[in-house]
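Residue numbers (this note's numbering), protein chains in the order written: chain X, 1 to 180; chain H, 181 to 373; chain B, 374 to 599.
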């Protein structure tokens, strides 16, 4: 048989063995790598939803203003306990990113369980008051924007935060229908 | 991505994140093939051609073959084989088309397979999550930065060869000290963007 | 040559970084802390010893060696790249901090000339056991060289030496900042930047060259006297 062909075959066999080996190692390490990455995300989600790290995580890509949805699921039953939305909106001079956690209360309504402005670059002393501000949305139904209370004197930044809540409300309504 | 962002990426790749002086990729040829200006320029040109081609091919392979097949973990092995094959092919093509160019670049081409800048740029294109345009700019300006620095460095080394250097510093040690001073100069460009 | 000589030649006489000046890229890039140097050293140790073993096993049979010869470089590359990818995945899974700080230099072990160089120059012509010992010696020599560069950079640049657990709650560290304060100088941040990498490496090479020059001068004078 042709010598070059045999050499090529030897290379091919070695390549195949290596490929199988890699696939095997990958199947062992990939879940651990994902767990570690999830743990980091869950830790940061803990700031808007208490005890987030006790759940398993399911990430879904969003659309429009909502760029990601994090489903927190019970470790044993697998039921979704809460959904945390990562939302963005344009403020006065920067993009404002928020995390908004939504859960279902005892009367089957979708209510805000927590929220946080994650990043912003608004005017210091005016617009940046939105960080840590109480917008009066805690435990309110997510679509009930009447409860929303903005920062006085910072209308652009407030509107951006409002847009964030509205976007989540619209998304919840689209996914689960109606207000409840 | 806007044009201005691409221009700023090009400048960053060329000067601020210079492949040799701040990312430490391609140090072997930087020290090995910089004793004469002509060979430094030849090596630099060959590196530009190979990195640009390798960048385009590996990026395309990753996004249209490996990623859909969920075989991202094969990237290192696939990329290095692509680079090795590419270097051989470029060598053959250049030999056929332009003997003059082959004479100038030929001896540097086989060395490029183990130039870590080539595999480095291919991997960084993926790690930095670049789109096609960004990848193209990055894969062009990173090796241009290599060409720029290795050319400057070879001119300095030609002078240093004649200078009275302490015996212990002769050769590589003084070259590294010169590189350190160059790195100091380049690090100051960081404030430009 | 016995096994002991075979092992120690990689550490002193043929030290891959300080004598043959191979594998310079990571030696400049990741030597900002001792921990990184040790981590890189362990990764290289694993890859180099196993690649030497596998390649010498492939080529130990003369018939097989003849077959592999025309495609030997691709074969070496495939073997090395596989080992490197395994190391990368294991580090990513179990030592995330180290994985992040070594970054792209883990997959770049593939093109570290030391590994391909030992495969071609030693493992393909020697028995498996000899190749493994050679790989161990070379890897330990490389690790020691990396550690000596990072020792000076971290000491001068930060005033402390991290042995392990840089980002953990209780890192094992040797804090020398009080000594710096006592002398009245601050740590020189420049040594953590690229400048410091080139400078430290250059000075270590110069010191080694000075020692070698002295030795050869002494030997020459001894020869004269005799």
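By construction, the Cβ of each residue, glycine as well, lies at the ideal position given by its N, Cα and C atoms.
In this text, all values refer to a predicted model and were calculated from it rather than measured experimentally.
- Close to residue 397(B), with beta-carbon spacing below 7 Å, are these residues of chain H in chain order: 207, 208, 211.
- Near chain B, meaning a CB-to-CB distance below 7 Å, the residues of the stretch 298-322 of chain H are 299, 300, 303, 304, 307.
- Contact fails between the stretch 332-342 of chain H and the stretch 165-177 of chain X, because fewer than three Cβ pairs, one in each stretch, are under 8 Å apart.
- Annotated as proximal: residue 97(X) and residue 119(X), with beta-carbon spacing under 7 Å.
- In this structure, residue 49(X) places its C-beta atom within 7 Å of the C-beta atom of residue 82(X).
- Residue 536(B) and residue 214(H) have their C-alpha atoms spaced approximately 36 Å apart.
- Inside the stretch 531-562 of chain B, DSSP marks whole beta strand (DSSP E) runs of 3 or more residues at positions 533-537, 545-548, from first to last along the chain.
- In this structure, DSSP gives residue 310(H) a state outside helix and strand, which the three-state scheme calls coil.
- With fewer than 16 other Cβ atoms inside 10 Å of its own Cβ, residue 176(X) counts as exposed.
- Residue nearest to residue 418(B) within the set 466(B), 382(B), 509(B) is 509(B) (criterion: CA-CA distance).
- Taking 8 Å as the upper bound for CB-CB distance, residue 415(B) and residue 409(B) are not in contact here, some 11 Å apart.
- Within 8 Å of the CB of residue 15(X), the CB atoms of chain B belong to 451, in sequence order along the chain.
- Residue burial is scored here from C-beta neighbours: residue 449(B) has at least 16 other C-beta atoms within 10 angstroms and is therefore classed as buried.
- Here residue 136(X) is near residue 147(X), since their CB atoms are less than 7 Å apart.
- Along the stretch 226-299 of chain H, the alpha helix (DSSP H) occurs as fully enclosed runs of 4 or more residues at 255-277, 279-285, 289-292, listed in sequence order.
- Nearest to residue 27(X) by alpha-carbon distance, out of 411(B), 440(B), 466(B), is 466(B).
- Chain-order list of chain B residues neighbouring residue 6(X): 440, by C-beta distance under 9 Å.
- For the set 558(B), 562(B), 560(B), 533(B), the Cα lying nearest the Cα of residue 548(B) is the one of 533(B).
- In this model, residue 248(H) and residue 254(H) are separated by some 13 Å (Cα to Cα).
- Comparing alpha-carbon positions, the option among 231(H), 239(H), 264(H) lying closest to residue 252(H) turns out to be 239(H).
- Residue 257(H) reaches chain X at 15, 18, 19, 22, counting residues in chain order whose Cβ is nearer than 9 Å.
- Taking a Cβ-Cβ threshold of 9 Å, none of the residues of chain X is close to residue 242(H); the smallest such distance is about 16 Å.
- Between residue 26(X) and chain H, the shortest Cβ-Cβ separation is below 7 Å.
- At the C-beta level, residue 25(X) and residue 488(B) stay beyond 7 Å of one another.
- DSSP places residue 333(H) within a helical segment (H, G or I) once states are collapsed to three.
- Look at residue 455(B): its C-beta is under 7 Å from a C-beta on chain X.
- The C-alpha of residue 550(B) lies about 8 Å from the C-alpha of residue 560(B).
- Chain order gives the chain B residues near residue 353(H) as 575, 576, 578, 579, 582, where near means a beta carbon separation below 8 Å.
- Residue environment analysis places residue 311(H) among the exposed positions, since fewer than 16 neighbouring C-beta atoms fall within 10 angstroms of its C-beta.
- The stretch 565-572 of chain B and the stretch 353-367 of chain H touch, with no fewer than 3 CB-CB distances between them shorter than 8 Å.
- When Cβ-Cβ separations below 7 Å define contact, residue 36(X) makes contact with chain B.
- For residue 357(H), the neighbours in chain B by C-beta distance under 9 Å run, in chain order, 571, 572, 575, 576, 579.
- In this structure, the beta-carbon distance from residue 329(H) to residue 200(H) falls below 7 Å.
- Within the same chain, and ignoring the five residues on either side of residue 133(X) in sequence, the residues whose Cβ sits closer than 7 Å to its Cβ are 151.
- Look at residue 428(B): its C-beta is not under 7 Å from any C-beta on chain X.
- The three-state secondary structure of residue 70(X), taken from DSSP, is strand.
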